[in-house]
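Structure first, commentary second.
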Amino acid sequence: MKKLFITLAAIVVVLLIALVAIADHALEMAIHPDNNKTRDIALCYSKVYNAYPELEQWHDSLVANGLWRDTMLVAGDGSMRHGLILQHDSVPTGASIVVHGYTDNAPIMLRYVYLHYEVLGRNVVVPEHYAHGESDGDDIRFGWLDRLDIRDLWLPLTHQLWHDQNIVVHGLSMGGAITMFLSGEAIPDSLRLSAFIEDCGYTSTWDQLSYQAEEMGFPAFPVLDVANIICRHRYGWDMKESNALAQLAKCTRPMLFIHGDADDYVPTEMVYRNYDAKISGYKELMVVPGAKHARSIHEAWDDYVRRVESFLAKVEQ
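Residue numbering for the sequence shown follows this note's numbering, beginning at 806 and increasing consecutively.
Here is the structure:
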């Protein structure tokens, strides 16, 4: 009996060690992905120019006229955050903060920047999150801690630059989640944050990683549970606390929710849960037929522009 107990105990220990190793590997794959293109700025510009050649000349013109410039801000922990500032050369209609997604950077958001700057006539700020673009950091935070950078760094900067203008935050994918995470924060009215636009953001980091785990063929439990314990201790944030639904329940400012109905990366059903979670204040929902993840603006440009224009006209009059 004693030998059997020792054998069983040894098996349990081996299984636990294996579970921790698997969970740690899965977490590191998510936090430090091999396919992270975010640091290759030239490659990202090239990718956008190949898809939209007209944006290269537009971007070059802004740079040549001093309307496109870089900035660096210091976060609370002393690390640096890079961002872009686009100053309008005519009377602007407002200001926008354009928020990029997972393993993306400011150049990848050029289509959204064009929308806000050229079509809507707004000044624009494009932050680059921790571990993205030219900002400091190595570990991706899935938006939860990044919301604090928007709240404490980029919102005050935008207001300082253009203090008489209303500010809109427009985020894509992880940036959409950041936008929703931010929406539940206590933000002074003096900053003139008027509205949010979230495009294909997830309900929570836990839900998103659970979905991705199941898509890759392994159950979220218990691997993700152990990975979350490691994440809390190693990186200082919790996947379950990183929850858009809880933040949206506290949101009172207007929000436009956008999602493609063919999204199989952040599943479309999440946008309905996000929309329902916002119980106070004005809200709209746009589901784009046939659009895959982060493709709504590309597959339905005219409708996308009209819907954003209409939304802003209602909430910023």
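Backbone N, C-alpha and C fix where the C-beta goes; we use that ideal spot for every residue, glycine too. These figures come from a predicted structure and were not determined experimentally.
> Whose C-beta lies closer than 6 Å to the C-beta of M877 among residues of the same chain, with five residues either side of it excluded?
Replying inline: Excluding five sequence positions before and after M877, the CB atoms of its chain that fall closer than 6 Å to its own CB belong to M885, H887, given in chain order.
> Could you give the residue range of the alpha helix (DSSP H) that holds I1034?
Replying inline: Looking at the DSSP string, the run of the alpha helix (DSSP H) that includes I1034 is 1025-1040.
>> Helix, strand or coil for S999? Go by DSSP, reduced to three states.
In response: Looking at S999 - three-state DSSP - the assignment turns out to be strand.
> Roughly how many whole angstroms lie between the Cα atoms of E1104 and A1096?
Replying inline: Answer to the nearest angstrom: the Cα atoms are 6 Å apart.
> Considering L977, what are the terminal residues of the beta strand (DSSP E) in which it resides?
Replying inline: From DSSP, the beta strand (DSSP E) with L977 extends over 972-977.
> What are the boundary residues of the beta strand (DSSP E) that includes N1079?
Replying inline: Residue range 1074-1082 is occupied by the alpha helix (DSSP H) that includes N1079, with no beta strand (DSSP E) assigned at that position.
> Does the Cβ-Cβ distance between A1099 and L915 come in under 7 Å?
Replying inline: The answer is no: Cβ separation not under 7 Å.
>> Pull the bridge partners of E1121 from the DSSP assignment, please.
In response: According to DSSP, which records beta bridges pairwise, E1121 is partnered with nothing at all.
> Which stretch, first to last residue, makes up the beta strand (DSSP E) that contains L889?
Replying inline: Here the beta strand (DSSP E) through L889 covers 885-891.
> Contact between the region 1048-1055 and the region 980-992: three or more CB pairs below 8 Å?
Replying inline: The region 1048-1055 vs the region 980-992: in contact.
> Within this structure, are the beta carbons of A1025 and A1032 separated by less than 7 Å?
Replying inline: Their beta carbons are not under 7 Å apart, which means A1025 does not touch A1032 by this criterion.
>> Comparing C-alpha positions only, which one of A1118, L891, V974, K1083 sits nearest to V868?
In response: The shortest C-alpha separation from V868 is found at L891.
> Just to confirm, are E1121 and N928 a CB contact at a threshold of 7 Å?
Replying inline: Cβ atoms of E1121 and N928: not closer than 7 Å.
> What do you reckon, are the CB atoms on V944 and Y1007 nearer than 7 Å?
Replying inline: It is Asp, not Val, that sits at residue 944 in the sequence shown. No, they are not a contact pair.
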